[in-house]
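Enquirer: For the sequence shown, position 72 (counting from the first letter as 1) is numbered 72 according to the UniProt record's numbering, and the numbering increases by one without interruption. From the three backbone atoms N, C-alpha and C, an ideal C-beta is built for every residue, glycine too. It should be emphasised that the depicted structure is a prediction, and the values quoted were computed from it without experimental measurement. Have a look at the structure that comes next, please.
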Amino acid sequence: MSALRSSEVAAAAGVNLQTLRYYERRGLLAEPDRSLGGHRMYPPEAVTVLRVIKAAQRLGFTLEEITDLLESGRHRHGRAADAGLQARAQAKLAEVEAKISDLRIIADTLRAAVDAGCDDLVTCAAQPCCPIPFATIATAGPDADPR
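The following block contains the structure:
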């Protein structure tokens, strides 16, 4: 397959041209060669790289983390083992599982509020049977368990 123009790469990877250029500026995607007419000409692998970037984003990786992952993949030798995909995927998994745990607590608390028939937050907060721990939430930090 021959070199692809920007619009072809973007269409094949399911991104828009602005995203393609942004990833290029961020260093996620290598700057392409140019045709005699000045058009960007990407190698076919650019489509795969873009698809990998989008998949990694859907898995919760930030662009900075993706940059590091791509770099560690390009330079495997001489890099610490903990910089690889396995370690980063394990860390991201732990982060996602913690968020899921938090969301379960939030869902349980909201379900209890619905079941209790709470209609007015101020009135409900004043009741000892209120399922929403307003006092605990107000005095705790943003990462505290609301139970």
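Consult DSSP for residue 81 and reduce its assignment to one of helix, strand or coil.
Expert: Here residue 81 refers to the residue found at position 81 when the sequence shown is read from its first residue. Residue placement at residue 81 is flagged as unreliable, the pLDDT there being 48, under the threshold of 50; a coordinate-derived value is accordingly withheld.
Enquirer: Assuming residue 17 and residue 6 make a contact with CB atoms under 8 Å, what is their CB distance in whole Å?
Expert: The residue given as residue 17 occupies position 17 in the sequence shown. The residue given as residue 6 occupies position 6 in the sequence shown. 6 Å between Cβ atoms; contact.
Enquirer: Taking just the CA atoms, how far does residue 93 sit from residue 84?
Expert: Within the sequence shown, numbered from 1, the residue matching residue 84 stands at position 84. Within the sequence shown, numbered from 1, the residue matching residue 93 stands at position 93. So the two alpha carbons sit approximately 14 Å from each other.
Enquirer: Return yes when the Cβ of residue 9 is within less than 8 Å of the Cβ of residue 52, no when it is not.
Expert: As a first step, residue 52 is located in the sequence shown; it is residue number 52 there, counting from the start. As a first step, residue 9 is located in the sequence shown; it is residue number 9 there, counting from the start. Result no, Cβ atoms of residue 52 and residue 9 do not sit closer than 8 Å.
Enquirer: Less than 8 Å between the beta carbons of residue 34 and residue 40, yes or no?
Expert: The count along the sequence shown starts at 1 and reaches residue 34 at position 34. The count along the sequence shown starts at 1 and reaches residue 40 at position 40. In this structure, residue 40 lies closer than 8 Å to residue 34 by Cβ.
Enquirer: Measure the alpha-carbon distance for residue 28 versus residue 109 and round it to whole angstroms.
Expert: Looking up residue 28 in the sequence shown gives position 28. Looking up residue 109 in the sequence shown gives position 109. Straight-line Cα distance between these residues: approximately 41 Å.
Enquirer: Taking only three categories from DSSP, how would you classify residue 59?
Expert: The residue you call residue 59 lines up with position 59 of the sequence shown. It is coil, neither helix nor strand.
Enquirer: Are residue 69 and residue 56 close, meaning C-beta to C-beta below 8 Å?
Expert: One-based indexing of the sequence shown puts residue 69 at position 69. One-based indexing of the sequence shown puts residue 56 at position 56. In contact: residue 69 and residue 56 (Cβ atoms closer than 8 Å).
Enquirer: Any idea if residue 32 is buried or exposed, counting beta-carbon neighbours within 10 angstroms, 16 or more meaning buried?
Expert: On the sequence shown, position 32 is the one that residue 32 refers to. Residue 32 should be labelled buried.
Enquirer: Within a Cβ cutoff of 6 Å, which residues of the same chain sit near residue 4, ignoring the five residues on either side of it in sequence?
Expert: For the purposes of this step, residue 4 is taken as the residue at position 4 of the sequence shown. For residue 4, where only same-chain residues beyond five positions count, the Cβ hits under 6 Å are 42.
Enquirer: Give every residue of the same chain whose Cβ lies closer than 7 Å to the Cβ of residue 65, excluding the five residues on either side of it in the sequence, and list them in chain order.
Expert: Along the sequence shown, one-based indexing puts residue 65 at 65. Closer than 7 Å at the Cβ level, and outside the excluded window around residue 65, lie 88.
Enquirer: If you count every other CB in all the chains shown that lies within 10 Å of the CB of residue 50, and 16 or more means buried, which is it?
Expert: As a first step, residue 50 must be located in the sequence shown, where it is residue number 50. Per the 10 Å Cβ criterion, buried.
Enquirer: Which residues in the same chain have their Cβ closer than 8 Å to the Cβ of residue 128, if we skip the five residues on either side of it in sequence?
Expert: Taking the sequence shown and counting its residues from 1, the one referred to as residue 128 is at position 128. So no residue of the chain qualifies.
Enquirer: Could you have a look at residue 70 and say whether DSSP puts it in helix, strand or coil?
Expert: Here the question's residue 70 lines up with position 70 in the sequence shown. Reduced to three states, the DSSP call for residue 70 is helix.
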